[in-house]
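Chain order of the listed sequences is P and R.
In this text, residue positions in the first sequence follow the working numbering: the first is 282, and each later residue adds one.
In this text, residue positions in the second sequence follow the working numbering: the first is 50, and each later residue adds one.
Ideal Cβ positions, reconstructed from N, Cα and C, are used throughout, including at glycine.
Working notes, beginning with the structure itself.
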Amino acid sequence: AQSVTQLDSQVPVFEEAPVELRCNYSSSVSVYLFWYVQYPNQGLQLLLKYLSGSTLVKGINGFEAEFNKSQTSFHLRKPSVHISDTAEYFCAVSEQSSGKLIFGQGTELSVKP
Amino acid sequence: DTGVSQDPRHKITKRGQNVTFRCDPISEHNRLYWYRQTLGQGPEFLTYFQNEAQLEKSRLLSDRFSAERPKGSFSTLEIQRTEQGDSAMYLCASSPMAGADGYTFGSGTRLTVV
């Protein structure tokens, strides 16, 4: 069975600083990897995904993530954050056969001026 | 196409009542998924359909929960005899047969059981 661990429940950071949100996963089969963002009282918006190919994936809003198979990690990074990046971020893996997503517990990113 | 639609957006019900939620997926998507998200947690998988067939149900889906997708179009999720522990955001998502690409979530239905 797959599982996802987001190593930080809360990440406070100042505006224009870099940020890294950490995600580790476990799976005995090949998976796809995702990062989603959720603003208050809204649904999930896809930031980026890794399906295959290049291990460095670029997404929307200046975010990127790197797939590391040996460390089973998929950390999310942004070189300079904005106040508007304040939100909950979820890492997820999906089974390639069923497509169902297994989510981590989430990381609350709080960007302060 | 306007994406995945869920109705209602909010539902307040008394404990013991039955509730039903609706999800309209993107029209060409064969797969439809239901998730539940409680406060401060990540979404948890409940069940999924491929066309009209329900292919998998999570152990989270007790006997009080039932989901349908007649004719492989919209889907309904019914909760019978609601309990306070059922209070959560119920999210629907749809995707093409390939699964990984084009996965789209709706805005969710927030259920409060009082």
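Chain R contacts from the segment 319-352 of chain P (Cβ-Cβ distance under 9 Å): Gln319, Asn322, Gln323, Gly324, Leu325, Gln326, Leu327, Lys330 and Leu332
Going by beta carbon distance, what residues of the same chain come within less than 8 Å of serine 290(P), once the five residues before and after it are set aside? Taking the first residue of the first sequence as 1, we reach residue 290(P) at position 9. Excluding residues within five positions, the ones whose Cβ falls inside 8 Å are Gln386, Gly387, Thr388 and Glu389.
Let me see if you follow: with CB-CB separation under 8 Å, is leucine 110(R) close to chain P or not? Taking the first residue of the second sequence as 1, we reach residue 110(R) at position 61. Taking Cβ atoms only, chain P never reaches closer than 8 Å to leucine 110(R), which makes this a no.
Could you check which residue in Gln319(P), Ser308(P) and Ala282(P) has the C-alpha nearest to that of serine 365(P)? Residue numbering aside, residue 365(P) sits at position 84 when the first sequence is read from its first letter. Of Gln319(P), Ser308(P) and Ala282(P), the residue nearest in Cα terms is Gln319(P).
Beta carbon proximity, leucine 357(P) to chain R, threshold 8 Å: For the purposes of this step, residue 357(P) is taken as residue 76 along the first sequence, with counting starting at 1. So no, leucine 357(P) is outside the interface.
For the beta strand (DSSP E) containing phenylalanine 384(P), list its first residue and its last residue. Along the first sequence, one-based indexing puts residue 384(P) at 103. Start and end: 382-384.
Just mark proline 92(R) as buried or exposed, buried being the case when its beta carbon has 16 or more other beta carbons within 10 Å. For the purposes of this step, residue 92(R) is taken as residue 43 along the second sequence, with counting starting at 1. By the neighbour-count rule (16 or more Cβ atoms within 10 Å), proline 92(R) is buried.
Whether arginine 118(R) touches phenylalanine 98(R) by CB criterion (8 Å): For the purposes of this step, residue 118(R) is identified with residue 69 of the second sequence, where counting begins at 1. For the purposes of this step, residue 98(R) is identified with residue 49 of the second sequence, where counting begins at 1. Yes, the pair counts as a contact, with Cβ atoms nearer than the cut-off.
Spatial distance of glutamate 105(R) from lysine 393(P) (CA atoms): Locating residue 105(R) in the second sequence gives position 56, where the first residue counts as 1. Locating residue 393(P) in the first sequence gives position 112, where the first residue counts as 1. In a straight line, the C-alpha of glutamate 105(R) is about 43 Å away from that of lysine 393(P).
Using a Cβ cut-off of 8 Å (strictly closer), state whether isoleucine 364(P) contacts chain R. Position 83 of the first sequence holds residue 364(P). Closer than 8 Å: no.
Within a Cβ cutoff of 7 Å, which residues of the same chain sit near phenylalanine 355(P), ignoring the five residues on either side of it in sequence? Within the first sequence, the letter at position 74 stands for residue 355(P). If we look at phenylalanine 355(P) and ignore the five residues flanking it on each side, its Cβ neighbours are Cys304, Tyr306, Leu314, Tyr331, Ala346, Phe348 and Cys372.
So which residues on chain R does leucine 382(P) lean against when the C-beta distance must stay under 7 Å? Along the first sequence, one-based indexing puts residue 382(P) at 101. Residues of chain R passing the Cβ test: Phe94.
What residues of chain P sit near glycine 157(R), judged by a beta carbon separation below 7 Å? As a first step, residue 157(R) is located in the second sequence; it is residue number 108 there, counting from the start. Correct list: Gly324.
Excluding sequence positions up to five away, which residues of its chain have a Cβ less than 7 Å from the Cβ of isoleucine 383(P)? Taking the first sequence and counting its residues from 1, the one referred to as residue 383(P) is at position 102. Closer than 7 Å at Cβ, skipping near neighbours: Gln283, Ser284, Val285, Ala373 and Val374.
Can you pull the chain P neighbours of serine 122(R), defined as C-beta to C-beta under 7 Å? Locating residue 122(R) in the second sequence gives position 73, counting from the first residue. Result: empty, since nearest Cβ-Cβ is about 18 Å, beyond 7 Å.
Of the choices Val68(R), Asn67(R), Gln66(R) and Trp83(R), whose alpha-carbon is the least far from that of proline 74(R)? In the second sequence, counting from the first residue as 1, residue 74(R) sits at position 25. For the residues Val68(R), Asn67(R), Gln66(R) and Trp83(R), the minimum Cα distance to proline 74(R) belongs to Trp83(R).
Tell me the DSSP secondary structure of isoleucine 364(P) in three-state form. Here residue 364(P) refers to the residue found at position 83 of the first sequence. Here isoleucine 364(P) sits in helix by DSSP.
Should serine 111(R) and glycine 324(P) be called a contact, given that it needs their Cβ atoms to be closer than 8 Å? Here the question's residue 111(R) lines up with position 62 in the second sequence. Here the question's residue 324(P) lines up with position 43 in the first sequence. In this structure, glycine 324(P) does not lie closer than 8 Å to serine 111(R) by Cβ.
Between the CA atoms of leucine 88(R) and leucine 160(R) - distance to the nearest angstrom: To locate residue 160(R), count along the second sequence from 1; it is residue 111. To locate residue 88(R), count along the second sequence from 1; it is residue 39. Taking the straight line from one Cα to the other gives about 12 Å.
What does a CB cutoff of less than 8 Å around arginine 221(R) pick up in its chain, not counting 5 residues either side in sequence? Summary: the structure shown does not reach residue 221(R), with chain R confined to residues 50 through 163, and so no result is reported for it.
Within the 8 Å Cβ cut-off, does phenylalanine 295(P) reach chain R? As a first step, residue 295(P) is located in the first sequence; it is residue number 14 there, counting from the start. Not one chain R Cβ lies under 8 Å of phenylalanine 295(P).
Rounded to whole angstroms, what's the CA-CA distance from threonine 125(R) to asparagine 67(R)? Just pull it up for me. Here residue 125(R) is taken as the residue at index 76 of the second sequence, counted from 1. Here residue 67(R) is taken as the residue at index 18 of the second sequence, counted from 1. Answer to the nearest angstrom: the Cα atoms are 13 Å apart.
Would you please verify whether the beta carbon of leucine 140(R) is less than 8 Å from any beta carbon of chain P? The sequence position of residue 140(R) within the second sequence is 91, counting from 1. By this cut-off, leucine 140(R) is an interface position.
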